[in-house]
Amino acid sequence: MLLVASFVPLTIAFGPVGALAQDEVGPTIQDPEPVTVLDAVIVEGRGTSRLGFAPSASEGVTGPEQLRRRPLLRPGELLETAPGVIVTQHSGSGKGNQFFLRGFNLDHGTDFNVNVDNVPLNLRSHGHGQGYVDLNFLIPELVETVAYRKGPYFADTGDFSSAGSVDMSYVRSLPNGIAQLETGQFGFQRALLADSISVGTDGDLLFAVETLAYDGPWDVDENFKKFNGLARYVTGDKYDGSAYTFSAYEGDWTSTDHIPERAVEQDVIGRFGTLDPTTGGDSSRYSLTGAWFGTDGDRRWDLSAYVYRYDLDLYSNFTYALDDRVNGDQFRQLDRRWTQGLHGQTTWFGQTLGKPSETRLGAQFRNDFITNALENTAQRRVLSTVRYDDIVETSLGAYVTNTTYWTDTVRTNLGLRGDVFYFDVSSDNPANSGEEADGILSPNASIVFGPYKDVEFYVNGGYGFHSNDARGVTLTDDPTTQEPNDGSPVDALVRQTGAEIGVRYEAPFGLISTLALWGLESDSELLFVGDAGGTEASGATERWGVEWTNYWDMGDGWSLDFDATWSEARFVDAGDLDHVPGAVETTVAAGLAYETPEGHYAALRARYFGPRDLEESGEVRSSETLLVNAHFAYRFADAWLLRLSIFNLLDREDSEIEYFYPSRLFSEPPGPDEGGFNDVHFHPVQPFAVRVGVAVAF
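What follows is the structure in structure tokens.
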């Protein structure tokens, strides 16, 4: 009889709600008889065994046990549970985070695919940056798992996933209601109310409301205020059923953008000061999703659908008075969009050439109706319009994957994906309007040797891609220059090629350790630059690196994790100017946690973000960043929990992010050639801060 291990769909699946990921199932013997489904394996943390079904050394899942013990300054830091991922912020709290991974400065999401319950969050052709991800709508207490994968070796991920992909899943229901209040330094206030109720014979309704206010340490109060609401109705069980989710988010803020070092050194402003006190913005997101899933003998099927509305008004000023000595260089980026999509797939558990296997067919459709604009402003007053565009961007992707267990210690994963994109841009400048279509095929393959007792070896290779901004695809007249028709369109879809070898070791005393060596080539890094309204050529690149991850369940309530990564990024055929600005090089993350049988726990975490090249010659480099945070919880009277979080425990004056480019202060004369002055621009980490919270279960 063929035994198929079936894992909790909402816990670890890279697919629609209720889906089984292609690497999550595997027969234990090779008799091609009817399928029997085993009990679920629940992922509680990174200590869950992955031997026998993991497709690579660099993938994994973080479960609820570890998630709740992490001190979170912002919800986006949930993604730092993926080894090597750095989450930062270079502006106000309401703006999307900036990400770093595998030799990339990923900006706000390019080449980093982020999903929640199979709904893609990367916003194509966004007003601020291609692939923009805004995670402010997340309610951390409702996130059950964070599943991560690295590299272009997975046919079901597609656009933006060559560096990595993350799929977060919400809980189906709560065992108890939660009422929680938090307060802290710098005007931090947060309230959360969440509960689940049974509806009908097999349904659960989950609802949650979150409010947050925060001023930050800045000289000009951030005055960040946000509201989150969620309602989720789930029927059936983890194998057959449906899920419907509605969520709403509203936020507005005043931001302190990154500032030049010389302004602080000359006492023009302090470390937490600003050169434009009117920057900031507001954003909103409303979404409705549905998922239907079931099993039929040796076949499993999944279908999900989503629609969401996203709005952003963002006012920024990064060069101060470089271009306009009178009004300053503030600009507004506007993005309004409706996004709709479908994802369907079916999976057969059977045979390939007489060997046990799993074959999956899937298709993904997405359509974005977008309006965005770039405007010159002063104190949030519009002075002129650089460009205004209406965009329709549509994509259709289809994939097939096959996992075959050739012997007890050899299995293969083969995949093929095809994508077709259509771009339609209606610009205020007819020269930049137009239609374009493009397609791409992305094969991938992996072979796994093992498990040999406690060890497994992986070889992965594949092709991926990222899409470029629709405005760059049809651009012929760059609106940021004085000369007409000096722009040139960029490729719509950019080929990326990656490979990886790795090993996984799971010791009987509770240690799980992986080592991966990887490489990635990108044909082009030509992307639309939302801050300028045009395109910027950066050429082909190649990246390589190593990742070492460790998780040790030491017993008696103790656990330790330690992850270290190193990578290098270079432009191809660029001579001495081959360094990729901002590319992450060295990261180290470590955590020590202890939990008692009564539910008290303590956790200490450290995160090191190493120096990076800030310009092509490699002569100017960033400083390093080291953050140490702590998290404590004390449970009393059964239902009550008191929490204490400490951020930047060492009170270091490091930087969240650093850039190197020319700018000019209002007090400065013109620089060389009537331009500005090259300088390092930084956004400081937030200083030592304490937050206290109390929660009651009801």
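Just so you know, we're using my numbering here: the sequence shown kicks off at 8 and counts up by one.
Glycine included, each C-beta is placed from N, C-alpha and C at the ideal position.
Local Cβ density within 10 Å of residue i, reported as buried at 16 or more and exposed below that
i, result
"D426", "buried"
"F705", "exposed"
"L368", "exposed"
"I93", "buried"
"G509", "buried"
"W225", "buried"
"D658", "exposed"
"F673", "exposed"
"I447", "buried"
"Q386", "exposed"
"G404", "buried"
"W525", "buried"
"K233", "buried"
"T603", "exposed"
"T710", "The chain is shown only over 8 to 705; residue 710 falls outside these bounds and no answer can be derived."
"G537", "Here G537 scores only 45 on pLDDT, less than 50, and its place in the model should not be relied on; the value that follows carries that caveat. Result: buried."
"I204", "exposed"
"N143", "buried"
"Y465", "buried"
"G562", "exposed"
"F535", "The pLDDT assigned to F535 is 44, lower than 50, so where the model puts this residue is not dependable, and the model offers no usable value."
"E272", "exposed"
"L584", "exposed"
"T414", "exposed"
"V417", "exposed"
"F231", "buried"
"V121", "buried"
"V241", "buried"
"P486", "buried"
Beta-bridge pairing of residue i - partner residues as DSSP gives them
i, result
"S402", "R373 and F428"
"W355", "R306 and T366"
"T392", "E382"
"S294", "S254 and Y315"
"R81", "DSSP lists no partner for R81."
"Y512", "V462 and S520"
"K102", "Its beta-bridge partners do not exist; DSSP assigns none."
"N451", "G422 and G469"
"Q187", "L199 and A702"
"S172", "N120 and R156"
First through last residue of the alpha helix (DSSP H) which encompasses residue i
i, result
"R628", "First-last for R628: undefined, no H or E at that position."
"G479", "A477 to T481"
"A644", "Neither: A644 is in no alpha helix (DSSP H) and is coded neither H nor E."
"V271", "E268 to E272"
"P71", "P71 to L74"
Rounded distance between the beta-carbons of residue j and residue i, thought under 8 Å
i, j, result
"S262", "T286", "5 Å"
"N467", "A506", "7 Å"
"S449", "G469", "7 Å"
"T632", "F616", "4 Å"
"A53", "T69", "Inspection of the sequence shows that residue 53 is occupied by Arg rather than by Ala. So it is a contact: roughly 6 Å between Cβ atoms."
"L567", "W559", "5 Å"
"V501", "D530", "6 Å"
Beta strand (DSSP E) segment containing residue i, residue limits
i, result
"R387", "Premise fails: R387 is in no beta strand (DSSP E) and is neither H nor E."
"K232", "F231 to G243"
"I276", "Unbroken run through I276: none, as it is neither H nor E."
"G469", "V462 to S474"
"E665", "S662 to S670"
"E217", "G210 to Y221"
"V121", "F119 to V123"
"W555", "T548 to G562"
"W573", "W565 to F578"
"E602", "T593 to E602"
Closer than 8 Å: residue i CB and nearest the ligand COA heavy atom
i, result
"F516", "No copy of the ligand COA appears in this structure; indeed no ligand is present at all."
Inset, instruction - Decide yes or no for the touch test of the region 391-401 against the region 356-366: beta carbon pairs closer than 8 Å, at least 3 of them. - result: no
Inset, instruction - State whether the region 153-168 contacts the region 181-201, with contact taken as three or more CB pairs (one from each stretch) at a distance under 8 Å. - result: no
Inset, instruction - State whether the region 681-696 contacts the region 311-330, with contact taken as three or more CB pairs (one from each stretch) at a distance under 8 Å. - result: yes
Legend entry - Validate contact between the region 372-391 and the region 340-357 using beta carbons, cut 8 Å, 3 pairs: yes
Inset, instruction - Pair every Cβ in the region 206-215 with every Cβ in the region 227-243, then say whether three or more of these pairs are closer than 8 Å. - result: yes
Inset, instruction - Determine contact between the region 126-144 and the region 271-279, defined as no fewer than three beta-carbon pairs at a distance below 8 Å. - result: no
Legend entry - Inter-stretch contact at 8 Å, needing at least 3 Cβ pairs: the region 637-657 / the region 691-700: yes
Inset, instruction - Decide yes or no for the touch test of the region 438-446 against the region 454-462: beta carbon pairs closer than 8 Å, at least 3 of them. - result: no
Inset, instruction - Decide if the region 57-64 is in contact with the region 587-600; the criterion is three or more beta carbon pairs, one per stretch, under 8 Å apart. - result: no
Inset, instruction - May I ask you to verify whether the region 291-308 touches the region 95-111, counting CB pairs closer than 8 Å and requiring at least 3? - result: no
Inset, instruction - Report yes or no: do the region 398-418 and the region 429-437 share at least 3 C-beta pairs separated by less than 8 Å? - result: yes
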